[in-house]
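All letters in the sequence shown, in the order written, are residues 134 to 197 by the numbering used here.
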Amino acid sequence: MEEMAPVVVFMVLTVISCIVHIFYMIWQSYVLLFDVVLNALSLALIVGELITGGLLIANLAKSG
Numbered sequence: 134m135e136e137m138a139p140v141v142v143f144m145v146l147t148v149i150s151c152i153v154h155i156f157y158m159i160w161q162s163y164v165l166l167f168d169v170v171l172n173a174l175s176l177a178l179i180v181g182e183l184i185t186g187g188l189l190i191a192n193l194a195k196s197g
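This is the structure:
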């Protein structure tokens, strides 16, 4: 059985990672199109992780 604390830590670290990707995409002084494409792909995967983590937290809260 999984616990809630590691999942919450995962979600916090994922949000921090999302902020770093947005920094590299928007606020960095020199950004190539390749950087934008890679960071957009990574952000799409991070959103998938956040959705999956949210569903896991909902299931853990319902069953626990």
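Note that beta-carbon positions come from the ideal geometry of N, C-alpha and C, so glycine has one too. Keep in mind that this is a model prediction, so the values were computed, not measured.
Can you give me the Cβ contacts of valine 164 inside the same chain, cut-off strictly under 8 Å, excluding the 5 residues immediately before and after it? Tyr157 and Met158
Write down every uninterrupted run of the beta strand (DSSP E) in the region 168 to 192 whose length is 3 residues or greater and which is fully enclosed by it, in chain order. none
So, helix, strand or coil for serine 162, using DSSP? coil
State buried or exposed for asparagine 192, treating a residue as buried only when at least 16 other CB atoms are found within 10 Å of its CB. exposed
Candidates Val145, Glu136 and Ala138: closest to leucine 183 by CA position: Val145
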